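Following: one structure in structure tokens, then a few remarks.
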Amino acid sequence: QIKSNQNYLVNPSWQAAQGLEMVGLGENINIYIKEVPVSYIKSPHVIVGMWETVNPKINMHTMMGGGGGISLEQTGKNHGYRDRDVCAFCPVNHCCIEGGSDRLDSIIDMRSPSKDLKQMGLEVIYSRASGRYLCDFVYYCSLHHGHGRAAFIHVPASGSLATPERLVPLLQTVIQAMLNQLEALQTAKDHMTTVSKTPEDPTMATSGLVHT
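When the letters of the sequence shown are read in order and numbered with the UniProt record's numbering, they come out as residues 1 to 212.
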């Protein structure tokens, strides 16, 4: 799932999300896109609603950032939101989730796709500082409600990469790498669950004792 917020007449991140929905990610992968308002009040309702109704395997956020390259953000922060949104509103206590952890990390290791894309000659930055504004706010909210199953890409607002023709195939590569990571994590988790449950299975335990 791709999410994007918009505060520009032409938003490269939203155009890229729309382009990705059109070309897809291959068979058996459904893409849902949703534009997130630049509002501290409205954006959490959109995020929570999508997690509750769609419950995607991964919730990918694409938003505009500075510079000519892209940043893969590892961490979302819960506090420090003092800049007002487009409605001149600031969160109560400058906080995203009252009582939530100070910061949350994605279960995706952003260093891996960052390294791969750099080897392809692309300007990619691994980042743990996505900025204390709506981008960071939305990311933390999604990480919280999705139990870490979210990712966030800052894309350039201008420059050679800020076109659907460049961003869409780039997003395809990045998201596929992240999906591969999730598959590997799930396989490892399933294996550990099987191993941990085996000694507790009375049939297996008895069989082992008999053969011994």
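Each residue gets a CB set at the ideal place from its N, CA and C atoms; glycine is no exception. Since we're looking at a predicted model, the values are computed, not measured.
Per DSSP, the bridge partner or partners of residue i
| i | result |
| --- | --- |
| LYS118 | Beta-bridge pairing links LYS118 to no other residue. |
| GLY76 | LEU104 |
| TYR126 | LEU72 |
| GLY65 | PRO156 |
| ASN59 | ALA150 |
| CYS95 | HIS79 |
Residue of the options minimising C-alpha distance to residue i
| i | options | result |
| --- | --- | --- |
| CYS135 | LYS115, HIS79 and GLN18 | HIS79 |
| ALA129 | LEU122, TYR140, GLU123 and GLN119 | TYR140 |
| MET22 | LYS189, GLU165 and ARG111 | GLU165 |
| CYS87 | TYR40, ARG111 and MET63 | TYR40 |
| ASP85 | VAL36, ASN180 and ARG111 | VAL36 |
| residue 227 | ALA184, VAL155 and GLN74 | Nothing can be reported for residue 227: it is not among the residues displayed for the chain, which extend from 1 to 212. |
| TYR81 | CYS95, THR75, GLN74 and PHE89 | CYS95 |
| PRO12 | ASP105, ALA157, ASN30 and LEU104 | ALA157 |
| PRO113 | VAL38, MET178, LEU20 and LYS189 | MET178 |
| VAL92 | SER142, PHE137, SER160 and LYS189 | PHE137 |
| GLY131 | VAL48, GLY76, THR163 and GLY100 | GLY76 |
| GLY100 | SER142, ILE29, ALA184 and GLY49 | SER142 |
| ILE153 | MET64, GLU27 and LEU20 | MET64 |
Rounded C-alpha distance that separates residue i from residue j
| i | j | result |
| --- | --- | --- |
| TYR133 | GLU98 | 17 Å |
| THR206 | GLN186 | Since pLDDT at THR206 reaches only 31, below the 50 mark, its modelled position is unreliable, and the value read off the structure follows with that caveat. Spanning the two alpha carbons is a distance of roughly 30 Å. |
| GLN18 | GLN119 | 27 Å |
| TRP14 | LYS115 | 25 Å |
| GLN176 | LEU117 | 12 Å |
| ALA151 | ASN180 | 14 Å |
| TRP51 | SER43 | 13 Å |
| ASP83 | CYS90 | 7 Å |
| ASP109 | ALA188 | 15 Å |
| VAL54 | SER160 | 34 Å |
| ARG111 | VAL174 | 11 Å |
| THR62 | ASP190 | 30 Å |
| ILE47 | ILE29 | 20 Å |
| VAL38 | GLU27 | 33 Å |
| ALA162 | HIS45 | 29 Å |
| LEU20 | ALA184 | 24 Å |
| ILE107 | PRO169 | 23 Å |
Supposed close pair residue i, residue j - CB separation, criterion 8 Å
| i | j | result |
| --- | --- | --- |
| LEU182 | ALA16 | Incorrect: roughly 21 Å between the Cβ atoms, too far for contact. |
| GLN74 | ASP105 | 6 Å |
| LEU25 | ILE31 | 6 Å |
Three-pair Cβ contact test at 8 Å for the stretch 139-159 versus the stretch 54-68: With the rule of 3 Cβ pairs closer than 8 Å, the stretch 139-159 counts as touching the stretch 54-68.
Given 8 Å, three or more beta-carbon pairs between the stretch 118-125 and the stretch 63-72: Taking one beta carbon from each stretch, the stretch 118-125 and the stretch 63-72 have 3 or more pairs nearer than 8 Å; the two touch.
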